[in-house]
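Contents: one structure, followed by commentary.
See below:
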């Protein structure tokens, strides 16, 4: 029923956004590769505009609207995180006003960042009100709602991160990315299937926010009742979307990650790569380690470091306990 | 009396080490430039081998020894920090054994990192014993001591960071670097005077460890009695050296930095640049801000991010209080 998103859609997205976004570097750690005995490449989207891959999807959607003579007077969105900043940044880039609806308990630094990209920030009592208000605002004439993941052009934009990577890296055995609403994973899957059919595509979400895993198990979209308690704030979405669900079903594997393991890899990735890695981005490493421990030959894998935005509360949670004493290995 | 280090020495160092070290990127933050109204370029030595510029001086010294038929059987050094890792790494690179003397209270992650580069690590009761033991070991036949800063080839190696930067960046009005023992600043000064005479070269050290500032004021080397209490662990050296003192005297300005200001910029640089910035590396930004606030026209400046190695105790000190609520500006 829904029109499938194709590799051409993602190539078109790349052509649309290339001059606005950063071609982020691919990083690696000799030490980590030595310890694990495999080759791991990290697409560092923490160096993307607004500090996260979300800039890709937002930029593509706005540019696509303009290309199709649908330039709105106002863009709205509902997010407290990286998508909010991305929509604010992308709208501003094309001279369009934006209003971002956020829960009132959003961290000051995130609200400030969104406002600094020129958005009007509107604070609501809770996440449910945020969603209601956004839907209401989106009904106004000339207003366009850019949702965080369940939109073909958002997914196509997010797919460009892996597209860029596979243009540079050959012979990748598996691609790992975190799962919030599933936009990044959906885009990555479409690219991988077309460009590198042998690459497995594997997702990871917090065990404490495992609506995607539950949805895959029950073969219908499951929704969390309330904001889940996980340090991976980019994966606190209450449910995946109808569109992303179709792609998530095609993943080769999916892992549910414990909080302590997320923190372990957040410490280690920032220590080894010397970049700011948000917990959501470190999560796939737990899946990487589990997946690699089952492999019989040396593998080359790609991990998308989705972003590098961390508020001080999260920073303190990350560094509460010292995991750097315990060197990564494949032995359990 | 001492033979001056020349730009040719630094060019030779670059030729010697280029194939072993990383050509680190130059980063910038659009937001920061917008807020301060100037252009700031950051040479990101956190992406250097061992995570700090120290790899340059150690690598150059070992390569220079070999080039001059003085290849030692054993390299020794006294350090608890980045220089220890650098000497361990550089010796190992050329198949030479190394012994690193460290105070026994060194953080486990730092000792572990040094050992992981193949060094023999020896723990002493305190910093003074560390120095005595190193001096004693260095008297053995076939043993060579690579000191952390007071050595022409160490200084020449450190100078290559700014040499690389000035090969890429034109029209730089000022260069800022942190001061521990003064090796990085000395090398930077020699390069700047030769390649970009209009560039001011400016140092910064913690007010709590201001032996260099005191030495400059009294025109003789002053030594701290005990390890100073500063979060900038790369600047805890008790005194500068005779060699570096001669170059530090030629600096255009020198700033003593308060602890809270160091932490403020550690938070902001890692937030804006998305890289791991150790407190020592953030320190020059306080000097940058003060220097810029006196300028009447738009300036282009270079800041050397000296390294990105941070242990968990320091990490917790950095993120205790939230400074990200307070956006950088030149207004006081």
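Protein chains in written order, with the working numbering: chain V, 1 to 332; chain W, 1001 to 1332.
Ideal placement from N, C-alpha and C gives every residue a C-beta, glycine not left out.
This structure is a prediction, so every number in the text was calculated from the model and none was measured.
Run through the DSSP bridge pairs and tell me what residue i is partnered with.
| i | result |
| --- | --- |
| residue 99/V | 76/V, 120/V |
| residue 144/V | 75/V |
| residue 1307/W | 1052/W |
| residue 1253/W | 1202/W |
| residue 1043/W | 1026/W, 1304/W |
| residue 1176/W | 1202/W, 1303/W |
For residue i, is the classification buried or exposed, using 16 other Cβ atoms within 10 angstroms of its Cβ as the cut-off for buried?
| i | result |
| --- | --- |
| residue 1315/W | buried |
| residue 1273/W | buried |
| residue 70/V | exposed |
| residue 1023/W | exposed |
| residue 16/V | buried |
| residue 151/V | buried |
| residue 142/V | exposed |
| residue 1165/W | buried |
| residue 341/V | Any question about residue 341/V goes unanswered here, given that chain V covers just 1 to 332. |
| residue 8/V | exposed |
| residue 1060/W | buried |
| residue 1025/W | exposed |
| residue 1236/W | buried |
| residue 1261/W | buried |
| residue 128/V | exposed |
| residue 1320/W | exposed |
| residue 1307/W | buried |
| residue 287/V | buried |
| residue 1351/W | One cannot answer for residue 1351/W here, as it falls past the ends of chain W, which runs 1001 to 1332. |
With H, G and I counted as helix, E and B as strand and the rest as coil, what does DSSP make of residue i?
| i | result |
| --- | --- |
| residue 954/W | The shown model of chain W, from 1001 to 1332, leaves out residue 954/W, and the question about it has no answer. |
| residue 1228/W | coil |
| residue 301/V | strand |
| residue 1106/W | coil |
| residue 1277/W | coil |
| residue 1330/W | coil |
| residue 1168/W | helix |
| residue 1241/W | coil |
| residue 1115/W | helix |
| residue 258/V | coil |
| residue 197/V | coil |
| residue 125/V | coil |
| residue 1317/W | helix |
| residue 1236/W | coil |
| residue 1066/W | helix |
| residue 20/V | coil |
| residue 1285/W | helix |
| residue 1189/W | helix |
| residue 1004/W | coil |
| residue 1223/W | coil |
| residue 37/V | coil |
| residue 290/V | helix |
| residue 153/V | helix |
Measure how close the beta-carbons of residue i and residue j come, nearest whole angstrom, since I'm counting them as under 8 angstroms.
| i | j | result |
| --- | --- | --- |
| residue 1203/W | residue 1269/W | Actually they do not touch by this definition, with Cβ atoms about 18 angstroms apart. |
| residue 1192/W | residue 1201/W | 5 angstroms |
| residue 29/V | residue 178/V | Actually they are not in contact, since the Cβ atoms of residue 29/V and residue 178/V sit about 19 angstroms apart, beyond 8 angstroms. |
| residue 1013/W | residue 1159/W | 7 angstroms |
| residue 245/V | residue 215/V | 6 angstroms |
| residue 90/V | residue 100/V | Their Cβ separation, rounded to whole angstroms, is 12 angstroms, which puts residue 90/V and residue 100/V out of contact at 8 angstroms. |
| residue 123/V | residue 139/V | About 21 angstroms separates the two Cβ atoms, so there is no contact after all. |
| residue 1149/W | residue 1241/W | 6 angstroms |
| residue 98/V | residue 130/V | No, residue 98/V and residue 130/V are not in contact; Cβ-Cβ is about 15 angstroms, not under 8 angstroms. |
Task: Residues in the stretch 299-326 of chain V having any Cβ partner in chain W nearer than 7 angstroms - done: The stretch 299-326 of chain V vs chain W, Cβ under 7 angstroms: 308, 312, 315, 316, 319, 322, 324, 325.
Task: Cβ-based contacts, 8 angstroms cut-off: residues of the stretch 1045-1069 of chain W near chain V - done: Flagged, chain order: 1046, 1047, 1051.
Open item on the list: Taking beta-carbon pairs under 8 angstroms, can you tell me which members of the stretch 1101-1134 of chain W lie near chain V?
Closed with: Within the stretch 1101-1134 of chain W, the residues whose Cβ lies closer than 8 angstroms to some Cβ of chain V are 1108, 1109, 1112, 1116, listed in chain order.
Task: Positions along the stretch 255-288 of chain V whose CB lies within less than 7 angstroms of some CB in chain W - done: Look at the stretch 255-288 of chain V: the residues with a C-beta under 7 angstroms from a C-beta of chain W are 270, 274, 275, 276.
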